[in-house]
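Quick note, the sequence shown lines up with residues 20 to 770 if you use the numbering used here. Backbone N, C-alpha and C fix where the C-beta goes; we use that ideal spot for every residue, glycine too. In this text the structure is predicted, and so the values were computed from the model without any measurement. Have a look at the structure below before the remarks.
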Amino acid sequence: METENGGTTATDTTHKEKIVHSMDEVNQTIKDFETSSQTKFLKHSGKIYDNTPQKSKVFWRVDDTGDMVPYFTTGFTKYICIHSRDRHSYLSKKCTSEKDKLLRMQKSKKRDCGATISVSHMVQFPELKKPTNVAIYQKTLATRFIKYRLTTDNNIKQEPTFRIVFPQNTDHSGHVIGGDIKGEMDERLVLKIDEYVSNGVSNVKHIMNNLEKFVTEDLFKDGSIPLLSNKRYFPTAKAIKRQYHKSFLQKQLCEYDQDTLMRDIDHWKQEISPEDNILFRPFIPTPPIDKDDTLSSLDHQFLFVHQLGWQRELLHRYGNDFCFLDFTVKQTRFALPLHFLCVKTNYSHQVVATFVTQENSVRHIAEALDILKHWCENWEPKFIFTDNNEARTEAIEQVFSGCKVLISELHKERAWLKRGYLSDAKVTPEAQEQIVALLKEIAHSEDEASFQKSHDELMNREDSKMNSKLQSYLNSWFSIKERWCWLYWPEDIRILMLTNYGLERHHNLFEDIQTKFRPRKVLPFSISFLHKHFLPEHYKQYRMDNSSSFKLETSDFMPADIAQHLCIKEHCIRQLSEANSRQPDCIECDCDEFTLKYEDGTATKVIIPPSNFPRCSCAVYRASFLPCFHIFTLFPICENFSWASLPCWFRDSVFLSLDPHVCNLPATVQVMIEQPSELENETVEHVLELSSVTVSPSSPTTDLNTDIRRLLDQIQAVCESAPNEELATTKTDLEIILYRLQNGTDNACTL
Ligand SMILES: [Zn+2]
Ligand SMILES: [Zn+2]
Numbered sequence: 020m021e022t023e024n025g026g027t028t029a030t031d032t033t034h035k036e037k038i039v040h041s042m043d044e045v046n047q048t049i050k051d052f053e054t055s056s057q058t059k060f061l062k063h064s065g066k067i068y069d070n071t072p073q074k075s076k077v078f079w080r081v082d083d084t085g086d087m088v089p090y091f092t093t094g095f096t097k098y099i100c101i102h103s104r105d106r107h108s109y110l111s112k113k114c115t116s117e118k119d120k121l122l123r124m125q126k127s128k129k130r131d132c133g134a135t136i137s138v139s140h141m142v143q144f145p146e147l148k149k150p151t152n153v154a155i156y157q158k159t160l161a162t163r164f165i166k167y168r169l170t171t172d173n174n175i176k177q178e179p180t181f182r183i184v185f186p187q188n189t190d191h192s193g194h195v196i197g198g199d200i201k202g203e204m205d206e207r208l209v210l211k212i213d214e215y216v217s218n219g220v221s222n223v224k225h226i227m228n229n230l231e232k233f234v235t236e237d238l239f240k241d242g243s244i245p246l247l248s249n250k251r252y253f254p255t256a257k258a259i260k261r262q263y264h265k266s267f268l269q270k271q272l273c274e275y276d277q278d279t280l281m282r283d284i285d286h287w288k289q290e291i292s293p294e295d296n297i298l299f300r301p302f303i304p305t306p307p308i309d310k311d312d313t314l315s316s317l318d319h320q321f322l323f324v325h326q327l328g329w330q331r332e333l334l335h336r337y338g339n340d341f342c343f344l345d346f347t348v349k350q351t352r353f354a355l356p357l358h359f360l361c362v363k364t365n366y367s368h369q370v371v372a373t374f375v376t377q378e379n380s381v382r383h384i385a386e387a388l389d390i391l392k393h394w395c396e397n398w399e400p401k402f403i404f405t406d407n408n409e410a411r412t413e414a415i416e417q418v419f420s421g422c423k424v425l426i427s428e429l430h431k432e433r434a435w436l437k438r439g440y441l442s443d444a445k446v447t448p449e450a451q452e453q454i455v456a457l458l459k460e461i462a463h464s465e466d467e468a469s470f471q472k473s474h475d476e477l478m479n480r481e482d483s484k485m486n487s488k489l490q491s492y493l494n495s496w497f498s499i500k501e502r503w504c505w506l507y508w509p510e511d512i513r514i515l516m517l518t519n520y521g522l523e524r525h526h527n528l529f530e531d532i533q534t535k536f537r538p539r540k541v542l543p544f545s546i547s548f549l550h551k552h553f554l555p556e557h558y559k560q561y562r563m564d565n566s567s568s569f570k571l572e573t574s575d576f577m578p579a580d581i582a583q584h585l586c587i588k589e590h591c592i593r594q595l596s597e598a599n600s601r602q603p604d605c606i607e608c609d610c611d612e613f614t615l616k617y618e619d620g621t622a623t624k625v626i627i628p629p630s631n632f633p634r635c636s637c638a639v640y641r642a643s644f645l646p647c648f649h650i651f652t653l654f655p656i657c658e659n660f661s662w663a664s665l666p667c668w669f670r671d672s673v674f675l676s677l678d679p680h681v682c683n684l685p686a687t688v689q690v691m692i693e694q695p696s697e698l699e700n701e702t703v704e705h706v707l708e709l710s711s712v713t714v715s716p717s718s719p720t721t722d723l724n725t726d727i728r729r730l731l732d733q734i735q736a737v738c739e740s741a742p743n744e745e746l747a748t749t750k751t752d753l754e755i756i757l758y759r760l761q762n763g764t765d766n767a768c769t770l
């Protein structure tokens with residue numbers, strides 16, 4: 020308690036405190052305290068009072084010479100332990116108040132610590148010092164004198180003063196003190212690593228030795244060397260690698276990537292339509308002193324988010340139930356990964372948005388997803404398939420409340436087949452093969468009994484029981500079984516994700532992304548390739564698929580209700596004719612299980628659960644998740660079992676019908692593709708050349724025939740020198756136009 024005019028300065032004697040006279044000293048003192056106590060604090064809150072001399076109270080404190088000094092308080096700053104939960108609530112409050120900030124904070128950690136450092140900001144008046152035993156009236160006089168001076172000529176010596184009160188070790192709770200504080204390396208070491216990056220030094224061992232030398236011989240040459248266990252000053256090789264990677268990327272961004280990218284984007288922005296969204300926020304290096312403030316915001320961090328108008332349309336058409344979040348797999352640590360939001364369409368998987376973040380953290384990914392969420396109004400995906408990655412999973416859950424994160428078939432296998440746990444757990448390749456096979460069985464079990472059977476078989480294996488590393492690996496997978504076992508997924512989502520060759524098509528897009536983007540290690544190349552080649556090509560294919568299917572011949576034995584589903588017509592025609600030519604010798608029926616026996620001795624089992632989607636054990640079914648020829652064989656035989664009895668979430672799904680928006684669109688030539696050029700910067704001219712060919716939507720309505728003739732002439736001229744693939748697609752495009760002109764727009768879609 021401190022009272023005005025004469026109370027004694029009583030401070031909490033159980034807490035260590037220190038008086039300093041500048042903010043720099045405050046920062047240094049806190050840093051030193053963190054070092055000696057092996058803790059880490061973050062700036063949490065603070066206030067600077069708007070004092071007028073009349074209203075301010077004058078307090079007295081005992082200084083280090085034992086005298087009493089009068090002072091005003093002018094504000095305070097509070098620092099909280101890095102393990103405090105409060106940290107997050109404060110930051111997220113700050114976010115909502117800043118309207119434009121599309122930022123969400125990391126979920127609160129389970130640990131919650133109440134330790135704080137408080138700093139009182141004061142102004143003291145050293146000239147008016149009094150001995151401790153001074154009479155009260157003399158203090159009152161001094162107080163009046165101060166107020167008088169301040170309101171009149173201000174002619175009185177004022178000294179900024181800061182009192183720092185430190186917590187005791189017992190104030191920390193819920194965490195170990197002195198443990199490895201993740202990712203928190205002393206800033207001076209970070210700067211040192213920046214230097215190594217600039218000088219091209221990359222040997223981690225070498226850097227580690229030099230940092231150690233730097234800490235012991237430069238930073239603490241007075242001898243108060245921190246403990247070797249203090250990771251703030253003696254970071255692990257892993258932490259050094261992580262920081263080196265960060266510094267390297269930042270340097271690369273600053274020196275080359277950002278300028279090139281900025282130029283490209285400025286150029287595109289003149290061409291794109293208002294429906295297209297491109298967000299680019301460059302990385303701005305911040306001096307280390309501001310670091311505590313930037314911790315709450317990503318404003319200075321690199322961010323690129325890209326979504327064209329047609330991509331958003333595809334997202335709205337196909338991505339309401341589920342989407343996929345994929346990415347380029349890093350070949351080297353020195354490239355920022357691209358994230359791709361993808362949807363399954365009626366023919367293929369398509370990229371519907373792309374983003375690049377400076378780091379692969381929850382905050383960074385969540386920020387990008389949040390921007391996409393704002394761009395795509397009313398888009399609330401129920402499921403997002405991605406890999407088994409904590410940052411991606413948490414970011415999705417944070418941005419889309421209620422959305423479940425599942426592990427896609429592709430990423431399950433990629434994870435299980437990865438070499439990492441093999442060598443770590445000393446599992447032989449043969450054993451790994453068997454384990455993966457069992458994991459697959461478990462993943463694809465559709466009922467409790469078969470799930471349990473495969474699960475037991477896996478866990479009762481000799482190596483699963485004896486090898487503790489393998490055991491904990493498997494346990495970690497079973498702790499998230501809802502995310503990868505079909506048993507826990509809604510049947511309609513599972514079937515819709517798989518149907519119409521879903522797996523194969525997901526693989527195709529993923530492989531296409533890897534082969535085309537991985538060699539382009541430099542970010543501007545990747546992004547310009549994405550914008551100028553990759554997306555136009557894929558969209559063109561999508562439109563071709565959706566407009567060319569009407570060319571399919573009608574089939575005599577095609578029932579009308581199947582013929583509507585043009586995207587799977589080809590599959591159905593093949594299976595139907597197979598069913599007609601290969602009749603089984605006999606069909607055995609046991610409840611909802613049918614066994615089809617053929618004359619060559621083969622037998623196939625088809626299960627038709629009441630009111631559910633039928634399933635067959637054959638390869639055609641497992642690849643397509645569409646009715647196979649066995650199911651087509653059963654259609655005319657089984658009572659109440661027909662195409663029409665399939666559930667309507669299946670029959671009516673967007674994955675089985677044409678996109679009416681696209682197949683009615685005129686002038687397919689509008690989709691423009693440039694041939695990828697070896698030298699990326701050559702393509703700029705190329706764009707200009709080709710763009711004159713595109714049909715302008717705003718061309719005058721008068722004398723359209725002249726325009727058409729002019730366009731045809733131009734097309735002819737360009738075709739003289741165009742490469743073969745381009746000629747082939749142009750020919751198809753023109754055929755489509757001709758067909759449409761001859762048959763009318765309506766026929767194009769419905770046959
Ligand atoms: Zn703490
Ligand atoms: Zn079958």
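Under 7 Å, do residue i and residue j count as touching if we go by C-beta distance?
i, j, result
"alanine 444", "leucine 489", "yes"
"isoleucine 403", "valine 424", "yes"
"phenylalanine 52", "phenylalanine 185", "yes"
"serine 64", "lysine 97", "yes"
"phenylalanine 674", "asparagine 519", "yes"
"phenylalanine 323", "glutamine 377", "no"
"proline 543", "threonine 279", "yes"
"valine 418", "tryptophan 435", "no"
"glutamate 203", "lysine 59", "yes"
"isoleucine 627", "phenylalanine 654", "no"
"tryptophan 505", "histidine 552", "no"
Helix, strand or coil for residue i per DSSP?
i, result
"arginine 728", "helix"
"leucine 665", "coil"
"glutamine 583", "coil"
"tryptophan 435", "helix"
"isoleucine 308", "The predicted model places isoleucine 308 with a pLDDT of 44, which falls under 50 and marks its position as unreliable; any figure quoted below should be read in that light. The answer is helix: DSSP assigns isoleucine 308 an H, G or I state."
"isoleucine 650", "helix"
"asparagine 408", "coil"
"tryptophan 394", "helix"
"leucine 425", "strand"
"serine 217", "helix"
"threonine 171", "coil"
"asparagine 46", "helix"
"arginine 539", "coil"
"methionine 20", "The predicted model places methionine 20 with a pLDDT of 39, which falls under 50 and marks its position as unreliable; any figure quoted below should be read in that light. In the structure shown, methionine 20 sits in coil (DSSP, three-state: anything other than H, G, I, E or B)."
"threonine 623", "strand"
"aspartate 389", "helix"
"serine 137", "strand"
In whole angstroms, what is the alpha-carbon distance linking residue i and residue j?
i, j, result
"arginine 502", "glutamine 453", "22 Å"
"aspartate 318", "phenylalanine 299", "11 Å"
"cysteine 100", "proline 555", "50 Å"
"phenylalanine 648", "histidine 368", "25 Å"
"tyrosine 156", "leucine 147", "14 Å"
"proline 145", "valine 81", "11 Å"
"valine 381", "glutamate 597", "51 Å"
"serine 487", "serine 427", "27 Å"
"threonine 189", "histidine 34", "11 Å"
"leucine 110", "alanine 387", "Note that leucine 110 scores a pLDDT of 40, beneath 50, so its modelled location is shaky and nothing firm can be said."
I think residue i touches residue j, with their Cβ atoms under 8 Å apart; what is that distance to the nearest whole Å?
i, j, result
"methionine 141", "threonine 93", "6 Å"
"histidine 225", "alanine 134", "Incorrect: roughly 37 Å between the Cβ atoms, too far for contact."
"histidine 584", "serine 676", "6 Å"
"lysine 250", "alanine 258", "7 Å"
"leucine 268", "leucine 355", "6 Å"
"phenylalanine 233", "lysine 211", "6 Å"
"glutamine 594", "proline 646", "7 Å"
"phenylalanine 161", "proline 89", "According to the sequence displayed, residue 161 carries alanine and not phenylalanine. 6 Å between Cβ atoms; contact."
How would the residue list near ligand 2 read, in chain order, if you kept each one whose beta-carbon is closer than 5 Å to any heavy atom? Cys635, Cys637, Tyr640, Cys647, His649
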